[in-house]
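Residue numbers (our numbering): 16 to 282.
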């Protein structure tokens with residue numbers, strides 16, 4: 016009934032514009048990419064996104080996320096994603112926790128619930144987890160690592176194992192305005208996926224983004240505008256198989272000044 020590959024969603028319009036290379040990006044959507052990056056989010060962050068796949072109203076992708084840092088105790092996050100239509104859809108819900116482990120390293124964990132529904136076939140579901148690390152070995156250079164479903168959880172009704180994936184990537188600031196991200200993803204069932212993205216701060220508050228992803232090939236371009244902690248993101252995606260579609264996102268940071276300081280411009 017279900018294919019384990021469905022779990023992955025390029026959550027967040029910012030991350031999608033950068034080819035899905037979001038391992039080192041510390042906003043509320045870090046809960047869906049690399050939980051360790053949540054440790055860089057100060058105060059409260061809330062995000063949402065929406066996309067029409069194939070540009071059809073019934074086939075959609077959407078999500079909601081939130082992250083809140085309690086000083087000295089770490090950052091808690093939650094996220095919800097949905098993709099599909101009334102006839103076949105996939106939903107996920109997760110709770111994350113991240114903490115700074117040292118001056119230059121943070122770690123995170125997550126518990127996930129997944130459900131796949133198909134009309135006339137019923138539902139199958141599974142619980143699993145994720146692990147993440149984020150390090151800054153030298154100033155302005157970040158390395159992220161992430162494992163999804165490392166213990167091979169299975170769907171309840173079919174006993175089919177969910178796919179296990181491992182991601183490794185890096186991000187580097189060539190200046191205070193230019194960020195480049197690269198990452199690879201590997202699983203036993205699929206070929207290695209490569210992702211790359213860039214973000215350029217044109218003027219105060221305005222960002223240009225671009226990215227590429229393999230297996231299948233996707234090109235993405237996006238714009239972002241941040242004003243007093245509120246970010247509006249628009250992304251165009253050209254997919255090798257399904258054509259093009261748009262993704263729209265909103266993000267609120269209720270402590271933006273502190274965020275900028277803690278992440279050294281990653282915001």
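Glycine included, every Cβ here is placed at the ideal spot set by N, Cα and C. All values reported here derive from a predicted model rather than from experimental measurement.
Please say whether residue 229 and residue 212 have beta carbons closer to each other than 8 Å? The residue you call residue 212 lines up with position 197 of the chain shown. The residue you call residue 229 lines up with position 214 of the chain shown. In this structure, residue 229 does not lie closer than 8 Å to residue 212 by Cβ.
Could you tell me the alpha carbon to alpha carbon distance between residue 176 and residue 95, rounded to whole angstroms? On the chain shown, residue 176 is found 161 positions in, with the first residue counted as 1. On the chain shown, residue 95 is found 80 positions in, with the first residue counted as 1. A straight-line Cα-Cα distance of about 21 Å links residue 176 and residue 95.
Measuring only the C-alpha atoms, how far is residue 172 from residue 146? Along the chain shown, one-based indexing puts residue 172 at 157. Along the chain shown, one-based indexing puts residue 146 at 131. Rounded to the nearest angstrom, the two C-alpha atoms are 26 Å apart.
Going by DSSP, what residues sit across from residue 176 in a beta bridge? Position 161 of the chain shown, counted from the first residue, corresponds to residue 176. The partner list for residue 176 (beta bridge, DSSP) reads 169.
Span of the alpha helix (DSSP H) holding residue 84? The count along the chain shown starts at 1 and reaches residue 84 at position 69. Premise fails: residue 84 lies in the beta strand (DSSP E), 75-85, not in any alpha helix (DSSP H).
If you count every other CB in all the chains shown that lies within 10 Å of the CB of residue 88, and 16 or more means buried, which is it? The residue given as residue 88 occupies position 73 in the chain shown. Note on residue 88: under 16 other CB atoms within 10 angstroms of its CB, so exposed under the neighbour-count rule.
Run through DSSP, which three-state label would residue 119 get? Within the chain shown, numbered from 1, the residue matching residue 119 stands at position 104. Three-state result, residue 119: coil.
Suppose you measure from the CA of residue 31 to the CA of residue 136; what does that come to, to the nearest Å? One-based indexing of the chain shown puts residue 31 at position 16. One-based indexing of the chain shown puts residue 136 at position 121. Across the structure, residue 31 and residue 136 are spaced so that their CA atoms are roughly 31 Å apart.
Look at the alpha carbon of residue 76 and the alpha carbon of residue 67, and state the distance between them as a whole number of angstroms. On the chain shown, residue 76 is found 61 positions in, with the first residue counted as 1. On the chain shown, residue 67 is found 52 positions in, with the first residue counted as 1. If you draw a straight line from the Cα of residue 76 to the Cα of residue 67, it is about 6 Å long.
Report yes if the C-beta distance between residue 60 and residue 91 is below 8 Å; otherwise report no. By one-based count along the chain shown, residue 60 stands at place 45. By one-based count along the chain shown, residue 91 stands at place 76. In this structure, residue 60 sits away from residue 91, with a CB-CB distance that is not shorter than 8 Å.
Cβ atoms of residue 257 and residue 69: under 8 Å apart, would you say? The residue given as residue 69 occupies position 54 in the chain shown. The residue given as residue 257 occupies position 242 in the chain shown. Judged by beta-carbon spacing, residue 257 lies within the 8 Å limit of residue 69, meaning their Cβ atoms are closer than that value.
Same chain only: Cβ atoms within 7 Å of residue 223, ignoring 5 sequence neighbours per side: Within the chain shown, numbered from 1, the residue matching residue 223 stands at position 208. Annotation for residue 223: 215, 217 and 238 place their beta carbon closer than 7 Å to its own, counting only its chain and skipping 5 residues before and after.
What's the C-alpha gap between residue 198 and residue 270? By one-based count along the chain shown, residue 198 stands at place 183. By one-based count along the chain shown, residue 270 stands at place 255. Approximately 29 Å, taken between the alpha carbons.
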